[in-house]
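Asks:
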Amino acid sequence: MSDTLPPAPAPRPVMDILVQRQLDNMATGNSAYLETFLRMVKRSGMDLRIVFAPWQSFGNRPWASVHPRLAGLTKDIVWPGAIKLGSRYWSLSPRIWTRFALRLGKAAARRLGARIIIPSYLGREISPKEARIVARACDATPADITLAEYSSMGPALKQMKAKTIHACLMHDLLSDRADRFREGGQVIDFDETSLETEIGWLSGCNLIFFISANERAKVQRHLPDTQMAWVPPDAPDYQTTENTGAPRVVFIGTVHGGNAEALNHFLDDVWPLVRAKAPALDFWIAGSIGKTLTPARAALPGVKVLGRVESLETIGGANAIGIAPTRFATGTSIKVAEYLLLGMPCVVYPLALEGFGPALDDLVVTASGPEALAAEILSLAGDSARRTALSDAARQQARARLSHDAAIAAIQQMLAERA
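Just so you know, we're using this note's numbering here: the sequence shown kicks off at 7 and counts up by one.
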């Protein structure tokens, strides 16, 4: 009888995620998408470590935490210049505490009526000193792949000395973001950048992931030799939804400038047209976006603000008409994917499909403006067979069209070439 023990399993390869923002709020689109991305990476066979930028990640307050859903997907969390007490990380940097004091002063002035914008750090290039600190933290325990979340974190990759695959996750093409906000009449509270600068940040990457298929195509023209992959937005493996209840219109969304603008536009410009011809039709609003409504909008006839819904299956199905009246957007409209995976027929403005390329064009109904959107909603509300046909097509095809298989294959190919 042999005493030889079986060989120990090979350690899983590791991906470091370099982050320069807070990750405590899952009610935002970029955190929801980061969760999708992390799950995809784990399915590829990798372990995950989050490495925070020591100053910028705290924003304007000296404490932060990592949401349990994100922390649960990681093997380790590294935050240079911070200590962890309980579930929170506290900054040891005087600059962060000074920034916090200034923010308190600005907040007080705003309450007194001053028109002061408290800036976001989204899009701000990581400073050379902070990039070196992040790079040293990564070099101490080199990962197989080191990925910058957002292109503005890319300069930290160039400071690294360890041999590792350099990658980036593009929630948004930051150089397009300001123009989109201007088009939507939104306040620009982040740093603007140019496409030339952003391409420079990305130029050292071996692999770039995109939430938007259109943005991937745009960047590929400037970096033709860089491996790129589309990671479409995902949603849970919803249970089969029942086609119960009367037809209703549904909007699902988190708190986001684009969502708020779309919802307000729909309530102001489209819903009155719908209710004038279908006074019994209801409009359900699910998710944190409902809390942004004014009392007058929330009280409109037929409007039901549901807030957070534990099981979206309860509001999906063929009798739920999902809408995406998106007039300005960055990245990709995750709600469209959710509607389809919930078996919902949906009506959208063309901009809501932009991030998907042509992948979903035949699964949704498009409308060119308020009158056309109202007309399509009324048509679907009165046509059970059409709703069912769209619902069945979504159930049968959406999951495959939003597959992450290509992105997983790109990771595995990179790792194989590195071995």
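All residues carry an ideal CB built from backbone N, CA and C; glycine is no exception.
1. Nearest-angstrom Cα distance between residue 148 and residue 383?
2. Helix, strand or coil: how does DSSP classify residue 166 here?
3. Considering Cα atoms alone, identify which of 46, 23, 37 and 51 is closest to residue 15.
4. Would you mind sorting residue 273 into buried or exposed? The rule is 16 or more other CB atoms within 10 Å of its CB.
5. Got a sec? Which residues, its chain only, sit under 6 Å from residue 222 by beta carbon, not counting five neighbours each side?
6. Using the beta-carbon count (16 or more within 10 Å), is residue 424 buried or exposed?
7. Apply the 10 Å Cβ neighbour rule to residue 358 and answer buried if 16 or more other Cβ atoms are within range, or exposed otherwise.
8. DSSP three-state call for residue 172: helix, strand or coil?
9. Would you identify the three-state DSSP class for residue 215, choosing helix, strand or coil?
10. Would residue 208 and residue 174 qualify as a contact pair, given that the criterion is a beta-carbon distance under 7 Å?
11. Would you call residue 282 buried or exposed, if buried means 16 or more other Cβ atoms sit within 10 Å of its Cβ?
12. Decide yes or no for the touch test of the stretch 400 to 408 against the stretch 343 to 357: beta carbon pairs closer than 8 Å, at least 3 of them.
13. Can you tell me the Cα-Cα spacing of residue 415 and residue 86, whole angstroms?
14. Three or more C-beta pairs closer than 8 Å, one from the stretch 87 to 97 and one from the stretch 108 to 116: is that the case here?
15. In chain order, which continuous runs of the alpha helix (DSSP H) of length 4 or greater are located wholly inside the stretch 68 to 145?
16. Which residue spans inside the stretch 249 to 316 form an unbroken beta strand (DSSP E) run of at least 3?
17. Rounded to the nearest angstrom, what separates residue 201 and residue 154 at their Cα positions?
18. Using the rule of at least 16 other Cβ atoms within 10 Å of the residue's Cβ for burial, across every protein chain shown, is residue 377 buried or exposed?
19. Pick out whichever of 141, 334 and 177 has its Cα sitting closest to the Cα of residue 189.
20. Take the Cβ of residue 344 as the centre, count every other Cβ of all protein chains shown within 10 Å, and call the residue buried at 16 or more, exposed below.
21. Considering only the beta carbon of each residue, do residue 260 and residue 42 sit closer than 7 Å?
22. For residue 90, count the other beta carbons within 10 Å of its own beta carbon; 16 or more makes it buried, fewer makes it exposed. Which is it?
23. Report yes if the C-beta distance between residue 244 and residue 360 is below 7 Å; otherwise report no.
24. Are residue 304 and residue 315 close, meaning C-beta to C-beta below 7 Å?
25. Select from 73, 420, 278 and 38 the residue whose C-alpha is nearest the C-alpha of residue 240.
26. Run through DSSP, which three-state label would residue 347 get?
27. Hey, could you find the ends of the beta strand (DSSP E) residue 153 is sitting in?
Replies: In short:
1. 53 Å
2. coil
3. 51
4. buried
5. 216, 234 and 236
6. exposed
7. buried
8. strand
9. strand
10. yes
11. exposed
12. yes
13. 32 Å
14. no
15. 74 to 77 and 100 to 117
16. 254 to 258, 288 to 292 and 309 to 313
17. 17 Å
18. exposed
19. 334
20. buried
21. no
22. exposed
23. no
24. no
25. 38
26. helix
27. 151 to 155
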